[in-house]
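For the UniProt record's numbering, count along the sequence shown from 1 and bump the result up by 2. Built from N, CA and C at the ideal position, the CB exists for glycine as well. Shown next, in C-alpha cells, is the structure this report addresses.
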Amino acid sequence: HTEMKDIEKQAIQYRFPSDFWWGSSASATQTEGTVEGDGKGPNIWDYWFEQEPNRFYDGVGPADTSRFYTRYKEDIALMKELGHNSFRFSISWSRLFPAGRGAMNQQAVQFYNAVIEELRQADIEPFVNLYHFDLPMALQEKGGWVNRETVEAYVDYANTCFELFGDRVAKWFTHNEPIVPVEGGYLYDFHYPNEVDFGKAVQVGYHTLLSSASAIKAYKEGGYKGKIGIILNLTPTYPRSQHPADVKAAEICDAFFNRSFLDPSVTGEFNPLLVELLRQEGFLPSIEEGDREIIRQGTVDLLGINYYQPRRVKARESLPNPDAPFVPERFFDYYAMPGRKMNEMRGWEIYEKGIYDILTNVRQNYGNIECFISENGMGVQGEEKFRDAQGMIHDEYRIDFIREHLKWVQRAITEGSNVKGYHLWTFMDNWSWTNAYKNRYGFVSVDLQNEGKRSVKQSGHWFKQVIENNGF
Ligand code: BGP
Numbered sequence: 003h004t005e006m007k008d009i010e011k012q013a014i015q016y017r018f019p020s021d022f023w024w025g026s027s028a029s030a031t032q033t034e035g036t037v038e039g040d041g042k043g044p045n046i047w048d049y050w051f052e053q054e055p056n057r058f059y060d061g062v063g064p065a066d067t068s069r070f071y072t073r074y075k076e077d078i079a080l081m082k083e084l085g086h087n088s089f090r091f092s093i094s095w096s097r098l099f100p101a102g103r104g105a106m107n108q109q110a111v112q113f114y115n116a117v118i119e120e121l122r123q124a125d126i127e128p129f130v131n132l133y134h135f136d137l138p139m140a141l142q143e144k145g146g147w148v149n150r151e152t153v154e155a156y157v158d159y160a161n162t163c164f165e166l167f168g169d170r171v172a173k174w175f176t177h178n179e180p181i182v183p184v185e186g187g188y189l190y191d192f193h194y195p196n197e198v199d200f201g202k203a204v205q206v207g208y209h210t211l212l213s214s215a216s217a218i219k220a221y222k223e224g225g226y227k228g229k230i231g232i233i234l235n236l237t238p239t240y241p242r243s244q245h246p247a248d249v250k251a252a253e254i255c256d257a258f259f260n261r262s263f264l265d266p267s268v269t270g271e272f273n274p275l276l277v278e279l280l281r282q283e284g285f286l287p288s289i290e291e292g293d294r295e296i297i298r299q300g301t302v303d304l305l306g307i308n309y310y311q312p313r314r315v316k317a318r319e320s321l322p323n324p325d326a327p328f329v330p331e332r333f334f335d336y337y338a339m340p341g342r343k344m345n346e347m348r349g350w351e352i353y354e355k356g357i358y359d360i361l362t363n364v365r366q367n368y369g370n371i372e373c374f375i376s377e378n379g380m381g382v383q384g385e386e387k388f389r390d391a392q393g394m395i396h397d398e399y400r401i402d403f404i405r406e407h408l409k410w411v412q413r414a415i416t417e418g419s420n421v422k423g424y425h426l427w428t429f430m431d432n433w434s435w436t437n438a439y440k441n442r443y444g445f446v447s448v449d450l451q452n453e454g455k456r457s458v459k460q461s462g463h464w465f466k467q468v469i470e471n472n473g474f
C-alpha cells in the first residue's frame, strides 16, 4: 500500500504545499435564501427585486437562493466528504442588524454560530467575509455608501462580528470586490441604486476603503488572534501593443480598476496616477482630517484575490463625447484581441496565465504579502444536459479550467509567491445577482426542479483527488 502511495506521489507533477487551503467561496445573499428569514431585514437586493423583478434572469429573486440557511448541515457535510479544509462565506449585515444598526437579531447570531460550529466540527476552517454587495436597505435609504454615516454603521457591525465570532474565526475579510458596487451602483447600472454619477462613485469607493481600513484597525487594536484582509477582483491589464498610447491607456485602466483598492489596502498609500487623474478632472472625494492615518494603519494581513478574466486595453481612437456621463473609459477603450479564448456563455475571456501575472505583480510590487486565490471559476449555462443516468453532471470543461489555472498558481509558488490557497467560486450552484441561476459555477449542482437537490459534479470528485494528493 505504502509503495503504491509512493508511486502515486512520484506521478504528481504539480505539487502544492502541505498546508494549502483548498475549498470554495460563497456569499450570504447568493446562498442563504431569505424566505426562512427569521428576522432578517431587507438589503438592496431584496428591495430592488421587489421594484424591478424583470431585471432578474427568469424573474428569480434573492429570496429563492440555495437555502443554505436551512440546509447548511447537509452542505457542510458534503464539503467534508469532498475533502475541503476551508470555506469562505459572508455574514448578511441586514440579517444581523435588520435596520443596519441598532437592534440585533438574535436568530442571526444563532445561525452564524451554528454554521461556524458545524465547520469546525468538520475540520473546515471558516473564512468570514463581512460584506458581499449587500447593503441593508435602511442604510441605502439614507444615502448608502455616499453617506459617511454608513462607514460608522459598518464599523459597528464589523466590531460586533469580531466580538461575537472572533474567538472561533481566525480569517476575516472586510469586503469582497469593493470596486464592483461602485461600478454597478454608480457607473454602469447593474447594482442598486442604478445611478450614473462619477463623483458619487468616487465617494462611495473612498468610503468603502475607509470602512475597510477602520475595521482592520479596530480588529488589530482589539487584540484578536487571527488575520484580517480584503478580497479584490484583480484583472491583469494588457495593452494592445507596446505603443506608448496603448501602454498609457492600460496603465490608467489598471489604476482605476485594480490599484484603486490594492495600493491603499496593502501599502496604506493611494495610487499616485489615480489621484492625479481625479485631481485633474475635479473628482477628488471629500476626505476628513484623520482619515489618512486610519488608512495607513488599516492595511491588510492577508489578500484574497478573485480572478476571472484579464482586461485588454487600447488607446481611444476618438475623443469622448463631452456631454456623455464621465466614466473611466474616457481614457481608454477595451480591445477584443483576435483569437482570445472565451467562455462564450458568460462572455468572459479565459486566460489562465493572468492568475500568474497577478501573483507575480503582488510578489514584486506589494511586498509579497500573504495571499490566496479567493475566487476563480467558470459559469456555464445548461449544465443539466451533461447529467448522466446516475445523476452526475460531467463538467470536464470546469476540470480543465481549474487545472490550467492551478498550474500557473503552482508555478508562482515555485518562484516564491506567498500563495496559501485556492477557493473555487463556488461550492454549489447559487443565485447570481441579476443573472440569478443562469450561469452555474458549483462543484455541486442544485436541482431547482427537484427541491434544490444537491449532487456532486465530476469536478467535485476530481478536486477531492487533487486535495488528497496535494497536487495532480
Ligand atoms: C464575482 C462575485 C461573486 C460571483 C462571481 C461570478 O464577481 O464575487 O459574487 O457572482 O463573480 O459572477 P457572475 O455570477 O456574475 O457570473
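Distance from the CA of F89 to the CA of G356, rounded to the nearest whole angstrom, comes to 24 Å.
Annotation: the continuous beta strand (DSSP E) that includes K229 extends over K229 to N235. The beta-bridge partner set that DSSP reports for K316 consists of D335. Checking the DSSP bridge columns, you'll see W23 partnered with G423. Taking 8 Å as the upper bound for CB-CB distance, A414 and K316 are not in contact here, some 28 Å apart. Here R298 is not bridged, per DSSP, to any residue. Under the criterion of beta carbons closer than 8 Å, G379 and T428 qualify as touching, at roughly 7 Å. With distances taken between CA atoms, R342 lies nearest to P312 out of P327, P312, N363 and I371.
C-alpha of S267 to C-alpha of T301: approximately 5 Å in a straight line. Taking G61 as the centre and dropping the five residues before and after it, the same chain places the C-beta of P55 closer than 7 Å to its C-beta, in chain order.
Between the alpha carbons of Y226 and G168 lies a distance of about 7 Å. With distances taken between CA atoms, D293 lies nearest to E154 out of S26, S457, E154 and A116.
Between Y337 and R318, the C-beta spacing is not below 7 Å.
In terms of side-chain proximity, the C-beta atom of N437 is found nearer than 6 Å to a non-hydrogen atom of the ligand BGP. Contact check for T436 against F58 passes: the beta carbons are separated by less than 7 Å. The DSSP-derived three-state label of T72 is helix. Less than 7 Å separates the beta-carbon of F129 from that of K173. The three-state secondary structure of F89, taken from DSSP, is strand. Apart from sequence neighbours up to five positions away, the residues of its chain that approach N178 with a beta-carbon distance below 6 Å are N131, H134 and I233, ordered along the chain. When G231, L276, P238 and H193 are compared, the shortest CA-CA separation from G146 is found for H193.
T152 sits in a helix when the DSSP states are folded into three classes.
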